[in-house]
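**Q** Below is a structure I'd like to ask you about.
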Amino acid sequence: MALPFQPGNSPNIRLGKERFHKSQHFDYSNGVPMLVGSEKPGIGGERLVGQKIKPKYSVYPKGEGSDLPSWVAFDKQALCFEAYFQEAVPVAQVETYRIRKCKIFFYLEDDTIQVVEPEYKNSGIPQGTLIRRHRIPLPPPNDDEFYNIFHFNINQQMVLYSRIFTVTSCDSFTRNFLTKLGVQLNDPATMPDDPYSKLRKQLEDNMKPFRPYERRDTLKQFLNYDRQVLRFYCLWDDTESTYGDQRELILHYFLADDTIEVTEVIPPNSGRHAVSKYLRRSKLPKHTPAQMKQPGEITDRTVLNVFASESQEKRFILDSLKTGAISEEFYKDVDLVIGGEVNMWGRKVIITDCDEFTKNYYRSKYGTEDFTPVQYKAPPTPKPPKLLPPYNGFGSEEDSLSSCRGLLLKPPQKDFHKFMEKDRCGLNSNVLNFHAKMMTTDPVDRGRVFIISFYLSDDSMSVFEQPQRNSGVLGGKFLERCRVRKPGQELFNSETSEYFTAQDLYIGATLCLNGKNFHLVDADDYALSYMEQHAEEFPKANTGNILSKLRSIPEGKRSEIRKFLNLSDPTSTGFIPYESFRSLLMGLDCGLSEHEVLVLGRCFSERKQPEVDVGLMLAVAQDFLKRKHFEEFPTLARRFAYHDRLKTGRLSIKETRTICKAFKIPLPENLLEGLLSKFADGDEIDYHAFLAGVNWVEHPTPPVMPEDNLRFEVNTRFDGGGAARKNINYSALLRDVFSFASNDGDPTAITSA
Numbered sequence: 022m023a024l025p026f027q028p029g030n031s032p033n034i035r036l037g038k039e040r041f042h043k044s045q046h047f048d049y050s051n052g053v054p055m056l057v058g059s060e061k062p063g064i065g066g067e068r069l070v071g072q073k074i075k076p077k078y079s080v081y082p083k084g085e086g087s088d089l090p091s092w093v094a095f096d097k098q099a100l101c102f103e104a105y106f107q108e109a110v111p112v113a114q115v116e117t118y119r120i121r122k123c124k125i126f127f128y129l130e131d132d133t134i135q136v137v138e139p140e141y142k143n144s145g146i147p148q149g150t151l152i153r154r155h156r157i158p159l160p161p162p163n164d165d166e167f168y169n170i171f172h173f174n175i176n177q178q179m180v181l182y183s184r185i186f187t188v189t190s191c192d193s194f195t196r197n198f199l200t201k202l203g204v205q206l207n208d209p210a211t212m213p214d215d216p217y218s219k220l221r222k223q224l225e226d227n228m229k230p231f232r233p234y235e236r237r238d239t240l241k242q243f244l245n246y247d248r249q250v251l252r253f254y255c256l257w258d259d260t261e262s263t264y265g266d267q268r269e270l271i272l273h274y275f276l277a278d279d280t281i282e283v284t285e286v287i288p289p290n291s292g293r294h295a296v297s298k299y300l301r302r303s304k305l306p307k308h309t310p311a312q313m314k315q316p317g318e319i320t321d322r323t324v325l326n327v328f329a330s331e332s333q334e335k336r337f338i339l340d341s342l343k344t345g346a347i348s349e350e351f352y353k354d355v356d357l358v359i360g361g362e363v364n365m366w367g368r369k370v371i372i373t374d375c376d377e378f379t380k381n382y383y384r385s386k387y388g389t390e391d392f393t394p395v396q397y398k399a400p401p402t403p404k405p406p407k408l409l410p411p412y413n414g415f416g417s418e419e420d421s422l423s424s425c426r427g428l429l430l431k432p433p434q435k436d437f438h439k440f441m442e443k444d445r446c447g448l449n450s451n452v453l454n455f456h457a458k459m460m461t462t463d464p465v466d467r468g469r470v471f472i473i474s475f476y477l478s479d480d481s482m483s484v485f486e487q488p489q490r491n492s493g494v495l496g497g498k499f500l501e502r503c504r505v506r507k508p509g510q511e512l513f514n515s516e517t518s519e520y521f522t523a524q525d526l527y528i529g530a531t532l533c534l535n536g537k538n539f540h541l542v543d544a545d546d547y548a549l550s551y552m553e554q555h556a557e558e559f560p561k562a563n564t565g566n567i568l569s570k571l572r573s574i575p576e577g578k579r580s581e582i583r584k585f586l587n588l589s590d591p592t593s594t595g596f597i598p599y600e601s602f603r604s605l606l607m608g609l610d611c612g613l614s615e616h617e618v619l620v621l622g623r624c625f626s627e628r629k630q631p632e633v634d635v636g637l638m639l640a641v642a643q644d645f646l647k648r649k650h651f652e653e654f655p656t657l658a659r660r661f662a663y664h665d666r667l668k669t670g671r672l673s674i675k676e677t678r679t680i681c682k683a684f685k686i687p688l689p690e691n692l693l694e695g696l697l698s699k700f701a702d703g704d705e706i707d708y709h710a711f712l713a714g715v716n717w718v719e720h721p722t723p724p725v726m727p728e729d730n731l732r733f734e735v736n737t738r739f740d741g742g743g744a745a746r747k748n749i750n751y752s753a754l755l756r757d758v759f760s761f762a763s764n765d766g767d768p769t770a771i772t773s774a
């Protein structure tokens, strides 16, 4: 007896169920929103009674990275299969069936299929696209499903709309794609021959054209070599004839149609009239015929008989054996070599040389490497030197020289390239400043201080005297900017005088400027840095040359050097004062100048970079941005978030620097690099913290002093000559020069070494 259908007597099918939503009519299939239709599930997403979900699209393996839809991941990618199908021909007498070849394209983005049959000439049947591109259903009883990628394989049959296609092979891309999916491909199958097509091919091969001339396809050669011309330099020796001489010719070989054109090089004042072409563009025969052929005499085919009748049309019969054909050889590119002769209608022309394009052509096509030109004339005699008159005293020496070079007076040309390279650009002034003193016995002039400036743009110099209080001498401009001649040269001479160059100025040098001797005692930091950066131009600032001089010191003096260093550094710190270092090197008599000693001291000086507070750097950065009215922080934050694909809040230093440069953040280069290094954690930067630190609108910092801004605006590359006057790391110097290390812990180790 069954229990009554009352609460408590029947099980609750919804017991433990949490989802009771009504299913929607739309869903995502293969990354594309589509209509669900009859496959819509029931309440809570559960299948209805008797409902069976059938697959609609191919299942692709998920790769690493972002989950892209198929129409993006497989865009413009299709699988190509070679196939055929057999078609019956019931009403024909010659053929009973026909084999029709076609290609099946499977598009990976949406599982659509397209069948295309190549068009054959005079086939008599409609060809081209047999099945347009769309999704093709499977044959019954599975006609509610569609073909996907796993239904394809080679050497198998497929039914497409009641037509049986046999897949024979596929291309390399299709083979690799299916293999990576795990599909085991069958062996390729052979495609059977079409009897009717084979019969038609035999008939076409037996047919002979009844045209007087055969068609020659020269389009491929024209398309491959159009506008490509070989150039050869030739010589025709016509000295045997009366008033004859050697004629220089230029031969042009056109690769597009194997024709040759020759022009003549007529030297000036030769007495000949210039002609446009020495030989017009045409094919050049190798052997000159004894008699010129009449028009129509040279033909490829011969007409054996021509007849006409009143009832029939005119007819002609051609010579199939080509008994009247005349074979004539013409010059090709393989016949043109340097040193060879060309028979140019009876004239023997020698090829002497060719241009660079012709050499590259023969290297790539024929592998020729010998392009030695033919010497057919003596080298030109050197021109006698032109004697120049001496300087006349008017203007500069260049003005006097230019007035002697022609009837029309022209001003002397200046070195414009040097001016553009060495002119002032930003903080690079390209001016070397030196402190100098006058070498004299007068005690008043001995205390005067001069600044000698050398301008690299035009090798000019200027001298300025620093005013000193209560010295009795007025300071100011001592020498106007000009080029200064070296002393000891005759003024009124035909040769150009020598002037002071940048290599003549260095610390310790003596210059004679307009009869006054000046001794260079010091230089500014920019001059020292410039000379060290361009050590190949300034031998006095070349560290390699200086160290080579020290390595040439004999062994006896080396022991004295080690003893001196041991006494100068009693605590074995590895550093000695610059004055002790200078007195040591100047007393070695190894040819070192004052400038070379200073350069060596700057190279091995002790440099301590002070640590900069991050708060101070952020305050200075906000002050720069506030003065420049930079307020694009929200846009900058969106750009950082856009480049952060994984949404980790971090970007690489390179990407952060690129974004800052793109927004043209008005910060000095050294300040921006310092901030990036401070916020860097390895190779990445927390851009949220970086933006919060420089955002002066939302997170303002206390004001800064002007000297703090100046500290970051001026980015000095070296700490100047003053750094070299501090402590010198002599242990590093000993390792580089004498190839042994000093023992800082044991002072006697230096002496015993």
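In terms of the working numbering, the sequence shown opens at residue 22 and continues consecutively. Idealized CB from N, CA, C, for every residue including glycine. Only a predicted model underlies this, so the values are computations on that prediction, with no experimental measurement involved.
1. Given this structure, state the Cα-to-Cα distance separating K353 from A109, to the nearest angstrom.
2. From the DSSP output, in three-state form, read off S297 for me.
3. Determine the direct distance from the alpha carbon of D131 to that of V93, and round the result to whole angstroms.
4. So is I771 buried or exposed if we call it buried at 16+ other beta carbons inside 10 Å?
5. Residue range of the alpha helix (DSSP H) that T211 falls in?
6. Taking the alpha-carbon of N812 as reference, which of T594, V452, V358 and H650 has the nearest alpha-carbon?
7. Which same chain residues end up closer than 7 Å to Y118 when comparing Cβ atoms and leaving out the 5 residues on each side of it in sequence?
8. For F521 versus M459, is the C-beta spacing smaller than 8 Å?
9. Looking only at DSSP bridge pairs, what is M459 linked to?
10. Taking only three categories from DSSP, how would you classify C503?
11. Helix, strand or coil for H555, going by three-state DSSP, please let me know.
12. Tell me I359's beta-bridge partners as DSSP assigns them.
13. Considering only residues of the region 651 to 687, which uninterrupted beta strand (DSSP E) runs meet the minimum length of 3 residues and lie entirely inside it, listed in chain order?
14. Check whether the Cβ atoms of F47 and I64 lie closer than 8 Å to each other.
15. According to the Cβ coordinates, are R671 and L697 closer than 8 Å?
16. In whole angstroms, what separates the C-alpha of K398 from that of H308?
17. Leaving out the 5 sequence neighbours to the left and right, which residues in its chain are closer than 6 Å to E615 when beta-carbon positions are compared?
18. Among N449, K668, D436 and A640, which one has its Cα closest to the Cα of L693?
19. Measure how close the beta-carbons of V250 and L270 come, nearest whole angstrom, since I'm counting them as under 8 Å.
20. Would you call the CB atoms of S518 and R506 closer than 8 Å?
21. Distance check for R666 and L621, CA to CA, integer angstroms please.
22. If you drop the 5 nearest sequence neighbours on each side, which residues of the same chain put their C-beta closer than 8 Å to that of V112?
23. Do you know offhand how far K142's Cα is from T200's?
24. Where do the ends of the alpha helix (DSSP H) carrying S474 lie?
25. Using CA atoms only, rank isn't needed, just tell me which of K675, F684, E676 and D644 is closest to F654.
26. Cα-Cα, which of T260, W257, R221 and L100 is closest to S193?
27. If we call anything under 8 Å between Cβ atoms a contact, is G496 one with P488?
28. Over the uninterrupted alpha helix (DSSP H) stretch that includes W366, give me the two end residues.
29. Could you check whether the region 658 to 665 touches the region 602 to 609, counting it as contact only if at least three pairs of C-beta atoms, one from each stretch, sit closer than 8 Å?
30. One question on the structure: do A104 and I125 come within less than 8 Å of each other, judged by their Cβ atoms?
31. Would you identify the three-state DSSP class for H155, choosing helix, strand or coil?
32. Using the DSSP secondary-structure output, state which residues sit across from P598 in a beta bridge.
33. Just grab the DSSP bridge partners of S580 for me.
34. In chain order, what residues of the same chain have a beta carbon less than 8 Å from the beta carbon of D480, not counting five sequence neighbours either side?
35. Please confirm whether I706 and F651 have their CB atoms less than 8 Å apart.
**A** Concretely, from the data shown:
1. 54 Å
2. Of the three classes helix, strand and coil, the one that applies to S297 here is coil, per DSSP.
3. 10 Å
4. Because the pLDDT at I771 is just 33, under 50, the model does not fix this residue reliably, and the value given afterwards should be weighed accordingly. I771 is buried by the Cβ-count criterion.
5. Looking at the DSSP string, T211 is not in any alpha helix (DSSP H), and its letter there is neither H nor E.
6. What is shown of the chain runs 22 to 774, which leaves residue 812 out entirely.
7. Once the five neighbours on either side are set aside, the close Cβ partners of Y118 are Q107, E108, A109 and V110.
8. no
9. F539
10. strand
11. coil
12. BP columns for I359 are empty, so no partner.
13. 671 to 673
14. no
15. no
16. Taking the straight line from one Cα to the other gives about 29 Å.
17. Excluding positions up to five away in sequence, the list reads I528 and G529.
18. A640
19. At roughly 15 Å, the Cβ-Cβ gap does not stay under 8 Å, so V250 and L270 are not in contact.
20. yes
21. 51 Å
22. Its chain contains no residue whose beta carbon lies nearer than 8 Å to that of V112 once the 5 sequence neighbours on both sides are disregarded.
23. 37 Å
24. Unbroken run through S474 is the beta strand (DSSP E), V470 to Y476; no alpha helix (DSSP H).
25. F684
26. L100
27. yes
28. Where W366 is concerned, there is no enclosing alpha helix (DSSP H), given that its DSSP letter is neither H nor E.
29. With the cut-off at 8 Å, the region 658 to 665 and the region 602 to 609 do not touch.
30. yes
31. strand
32. N748
33. S580 is not bridged to any residue.
34. R504, Y520, F521, T522 and A523
35. No, these two residues do not count as a Cβ contact at 8 Å.
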